[in-house]
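>
4 protein chains.
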Amino acid sequence: MSDPDRVLPRQVVRAVPFTFRRRIAWGDSDTGRIVYTGRFLDFVMDAADAWWQVLTGHDWHRMTVEHGHGLPAVHVDMDFTRVIEPGEELDCVVTVVRLGTSSFSLAVSGETANGQCFTATLVQAYMNTARRKAVPLPEHLRKLVEDYQQACRTATLPA
Amino acid sequence: MSDPDRVLPRQVVRAVPFTFRRRIAWGDSDTGRIVYTGRFLDFVMDAADAWWQVLTGHDWHRMTVEHGHGLPAVHVDMDFTRVIEPGEELDCVVTVVRLGTSSFSLAVSGETANGQCFTATLVQAYMNTARRKAVPLPEHLRKLVEDYQQACRTATLPA
Amino acid sequence: MSDPDRVLPRQVVRAVPFTFRRRIAWGDSDTGRIVYTGRFLDFVMDAADAWWQVLTGHDWHRMTVEHGHGLPAVHVDMDFTRVIEPGEELDCVVTVVRLGTSSFSLAVSGETANGQCFTATLVQAYMNTARRKAVPLPEHLRKLVEDYQQACRTATLPA
Amino acid sequence: MSDPDRVLPRQVVRAVPFTFRRRIAWGDSDTGRIVYTGRFLDFVMDAADAWWQVLTGHDWHRMTVEHGHGLPAVHVDMDFTRVIEPGEELDCVVTVVRLGTSSFSLAVSGETANGQCFTATLVQAYMNTARRKAVPLPEHLRKLVEDYQQACRTATLPA
Chain A
4 MSDPDRVLPR QVVRAVPFTF RRRIAWGDSD TGRIVYTGRF LDFVMDAADA
54 WWQVLTGHDW HRMTVEHGHG LPAVHVDMDF TRVIEPGEEL DCVVTVVRLG
104 TSSFSLAVSG ETANGQCFTA TLVQAYMNTA RRKAVPLPEH LRKLVEDYQQ
154 ACRTATLPA
Chain B
4 MSDPDRVLPR QVVRAVPFTF RRRIAWGDSD TGRIVYTGRF LDFVMDAADA
54 WWQVLTGHDW HRMTVEHGHG LPAVHVDMDF TRVIEPGEEL DCVVTVVRLG
104 TSSFSLAVSG ETANGQCFTA TLVQAYMNTA RRKAVPLPEH LRKLVEDYQQ
154 ACRTATLPA
Chain C
4 MSDPDRVLPR QVVRAVPFTF RRRIAWGDSD TGRIVYTGRF LDFVMDAADA
54 WWQVLTGHDW HRMTVEHGHG LPAVHVDMDF TRVIEPGEEL DCVVTVVRLG
104 TSSFSLAVSG ETANGQCFTA TLVQAYMNTA RRKAVPLPEH LRKLVEDYQQ
154 ACRTATLPA
Chain D
4 MSDPDRVLPR QVVRAVPFTF RRRIAWGDSD TGRIVYTGRF LDFVMDAADA
54 WWQVLTGHDW HRMTVEHGHG LPAVHVDMDF TRVIEPGEEL DCVVTVVRLG
104 TSSFSLAVSG ETANGQCFTA TLVQAYMNTA RRKAVPLPEH LRKLVEDYQQ
154 ACRTATLPA
């Protein structure tokens, strides 16, 4: 990571693979008394943004305001396998599944103490926001993503 | 209004007093099987923004991006009197209760076919967004707000 | 539809193919000054729920509370092709792409005056909510979905 | 608290006064590039629900589903004093300002490393959800709230 001394956000419970924890709130539920489907995309986006913040030192907000670059989503898909209830804690685990010239794909796995609840793929393009045009990922950011991919591979090697 | 020929957004069902209608969605509910409290502030904000858009020709987004001014909330209060269920349609009725030099207060009444569900007061300050500083409301905007106040008084005169 | 005399929700602008309109709100945007990605799944869910309400006479809420059945999502995918700004109106057009024994797939196309903004596929399973178990779609609901598919084909026939 | 050995949710950073931390997300912002006003009520609700969960052992969801009681809001007011940006962490500090027969008022203070950002008052009624009727708070819950009030007074005594 870019600054090992920086204090991690409280909700980051593991650096590799990056794991972001949230308490599921009353407001996340619906009449079905489980988490409303529409909230899952927020959970994915929040985890991806927190991952980028810890990886690069800039969350999407600062990257946009200070550097004029953004990471808009171009594709999302999600599969739902287990319901979640308010009061539970959800971990979103972020890994990189593809790194292209000006875009990359993240896998986000949603997990509670009861097991995996959903999987998602999020494809983002690196954009010059003023020109609303995809541009190649700069070398220093590409290097950080590649290092993270390598760290994840090492972390999950069988004993 | 600034342009009488402009087509109103579909959800505007009455110009005076300004009334904005929305269908309450599945995602607006919670485990209690009524509208989640946190959504009501969104309903108030949406109605206030739509009112400003129709009144002045610019919604808050355009006002911010094109003119560098904003209307951040400085105070909100809400009283809840009747529950709402998904599938119902909610009308938010917007009136002006106070017009100051650089701020004004709106009253928003939430109503369904079953009666009034909530009342809210929203106090907003007119800001120069770059300087994050309150500035006096320009004369042409003040005039539009005053005309709207007058139109509301006329519209609700007893027969 | 189950009751031709019933008044349609205001936001339904066309019955076939079903088209649900919403004004994009200030709160739907993010620092990028376009609609936040996470909101698009809400837009898809809202349109699918409104479609079901108009088609069957019961929105998901009433189906859950009164009949003990639900339509949880099992899969969603979305492709984003054009940005949307607050103040614009978005039409979500709902069609049926697959009708299985106990599940079906909807296509939702998001369109503004500027053209298509996103496409989504939403796969839902028909569930007994108490048993949290998928069950076959009852014949009267299957018939309504098939009739809607037929109506959409007829409505889009070339001249 | 009802079970001192129970593991606290990760986002609870202090028990007395109860303090709930969240990372402000990209999706919480708006075109103004600060947190969207509508999100603050969610932050208040989340903190109040987490406080109740830790205090009583049951979050609002479990209280509703397992016991048939709820805590709907009857009044909310909020004052906004300082903007918050995505990437920051927000602490919501919950204290009890009034304890009535069948309702109570919470104060929620929103604070970042830069200082206080908002204050809110949330008034909730204790309800029998089936009858949608306010009922007196049971003695064991009243005792927990009173003990918490006392613990807060002790915790904030001057040295």
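Protein chains in written order, with the numbering used here: chain A, 4 to 162; chain B, 4 to 162; chain C, 4 to 162; chain D, 4 to 162. Glycine included, each C-beta is placed from N, C-alpha and C at the ideal position.
(1) How about D:Q127 and A:Q14: do their beta carbons lie closer than 8 Å?
(2) Which residues of chain C have a Cβ atom closer than 9 Å to the Cβ of A:F83, listed in chain order?
(3) Against chain C, does A:L144 count as a neighbour if the rule is that its beta carbon must be under 8 Å from one of theirs?
(4) Which same chain residues, not among the five before or five after C:F121, have their C-beta less than 7 Å away from its C-beta?
(5) Got a sec: which bits of the region 14-36 of chain B sit with their beta carbon under 7 Å from any beta carbon on chain A, in order along the chain?
(6) Would the region 139-148 of chain B and the region 16-32 of chain C be scored as touching if the rule is three or more Cβ pairs under 8 Å?
(7) Note down, in chain order, every chain B residue with its Cβ under 9 Å from the Cβ of D:T132.
(8) Let me check understanding here. Comparing Cα to Cα, which of C:C155, C:G35, C:S32 lies closest to C:V96?
(9) C:W29 and D:D62: beta carbons closer than 8 Å?
(10) Using a C-beta to C-beta distance shorter than 8 Å, which residues of chain D count as neighbours of B:D45?
(11) Have a look at D:N117, D:E88, D:G73, D:V79 and flag the residue whose alpha-carbon is nearest the alpha-carbon of D:A133.
(12) Looking at chain C, is there any beta carbon in it that lies within less than 8 Å of the beta carbon of A:T67?
(13) Can you name the start and end residues of the alpha helix (DSSP H) that C:V57 belongs to?
(14) Quick one, are the C-beta atoms of B:A123 and B:V47 less than 8 Å apart?
(15) Within 8 Å of any Cβ in chain G, is that where the Cβ of A:G113 sits?
(16) Can you pull the chain A residues whose beta carbon is under 7 Å from the beta carbon of D:H64, in chain order?
(17) Going by DSSP, what residues sit across from C:V97 in a beta bridge?
(18) Could you pull out every residue in the same chain whose Cβ sits closer than 6 Å to the Cβ of C:L170, ignoring the five residues on either side in sequence?
(19) What does A:A53 touch in chain D if you count any residue whose Cβ is under 7 Å from its own?
(20) Based on Cα-Cα distance, which residue from B:T59, B:P75, B:M66, B:G60 lies nearest to B:S108?
(21) Which residue marks the beginning of the beta strand (DSSP E) containing A:T122, and which one marks its end?
(22) Is there a Cβ of chain B sitting closer than 8 Å to that of C:Q127, yes or no?
(23) According to DSSP, is B:G71 helix, strand or coil?
(24) Using a Cβ-Cβ cut-off of 6 Å (strictly less than) and excluding sequence neighbours within five positions of B:E92, which residues of its own chain qualify?
(25) Going by C-alpha to C-alpha distance, which of A:D45, A:A53, A:V100 sits closest to A:A110?
(26) Just to confirm my understanding: we take D:V79, look at its own chain, exclude 5 residues before and 5 after, and list those with CB closer than 8 Å. What are they?
(27) Using three-state DSSP, classify A:A76 as helix, strand or coil.
(28) Spatial neighbours of D:G90 within its chain, please: CB distance less than 7 Å, with the 5 preceding and 5 following residues excluded, ordered by chain position.
(29) Taking its Cβ as the centre, do 16 or more other Cβ atoms sit within 10 Å of C:Q153, making it buried, or is it exposed?
(30) Pull up the distance between the alpha-carbon of A:L144 and that of B:R65, whole angstroms please.
(31) From C:S106 to C:M130, what distance separates their C-alpha atoms?
(32) Using C-beta distances below 6 Å, list every residue in its chain close to D:G71, excluding the 5 sequence neighbours before and after it, in chain order.
(33) Would you mind telling me which residues of chain D sit closer than 8 Å to A:D49, beta carbon to beta carbon, in chain order?
(34) Helix, strand or coil: how does DSSP classify B:V16 here?
With the structure as the only source:
(1) Result no, Cβ atoms of D:Q127 and A:Q14 do not sit closer than 8 Å.
(2) Those within 9 Å of A:F83 in chain C are P75, A76, V77, H78, V79.
(3) A:L144 does not count as touching chain C.
(4) Cβ within range, chain order: F43, M81, D82, F83, T84, G113.
(5) For the region 14-36 of chain B, the residues whose beta carbon sits under 7 Å from a beta carbon of chain A are, in order, W29, G30, S32, D33, T34, R36.
(6) Counting Cβ pairs under 8 Å, fewer than three are found: no touch.
(7) Near D:T132 (Cβ distances below 9 Å), the residues of chain B are G35, R36.
(8) It is C:C155 whose Cα lies nearest to the Cα of C:V96.
(9) Result no, Cβ atoms of C:W29 and D:D62 do not sit closer than 8 Å.
(10) At a beta-carbon threshold of 8 Å, the residues of chain D lying near B:D45 are G41, ordered along the chain.
(11) With distances taken between Cα atoms, D:A133 lies closest to D:G73.
(12) Closer than 8 Å: yes.
(13) Residues 40-59.
(14) Yes. Within cutoff.
(15) The question asks about chain G, but that chain is absent: this structure's protein chains are A, B, C and D.
(16) Contacts between D:H64 and chain A, judged by CB atoms closer than 7 Å, involve W29, S32, E88, P89, G90 in chain order.
(17) Per the DSSP secondary-structure output, C:V97 pairs in a beta bridge with C:F21, C:V111.
(18) Residue 170 of chain C falls outside the range modelled here, since chain C spans only 4 to 162, and no answer is possible.
(19) Listed along chain D are R26, each with a C-beta nearer than 7 Å to that of A:A53.
(20) Comparing C-alpha distances from B:S108 to each of B:T59, B:P75, B:M66, B:G60 shows the shortest one belongs to B:P75.
(21) That run of the beta strand (DSSP E) goes 118-128.
(22) Not an interface residue.
(23) Note: B:G71 maps to coil in three-state DSSP.
(24) Counting only Cβ-Cβ distances below 6 Å, and skipping sequence neighbours, we find R24, R26.
(25) It is A:V100 whose Cα lies nearest to the Cα of A:A110.
(26) Only residues of its own chain outside the window of five on either side were considered, and among them L44, V47, A123, T124, L125, V126 have a CB closer than 8 Å to the CB of D:V79, listed in chain order.
(27) A:A76: strand per DSSP, three-state reduction.
(28) Closer than 7 Å at Cβ, skipping near neighbours: I27.
(29) Exposed is the label assigned to C:Q153, since fewer than 16 other Cβ atoms lie within 10 Å of its Cβ.
(30) A:L144 and B:R65 have their C-alpha atoms roughly 33 Å apart.
(31) Per the coordinates, the alpha-carbon of C:S106 lies some 9 Å from the alpha-carbon of C:M130.
(32) Once the five neighbours on either side are set aside, the close Cβ partners of D:G71 are T132, A133.
(33) What A:D49 touches in chain D: R26, A28, W29, G30.
(34) In the structure shown, B:V16 sits in a strand (DSSP, three-state: E or B).
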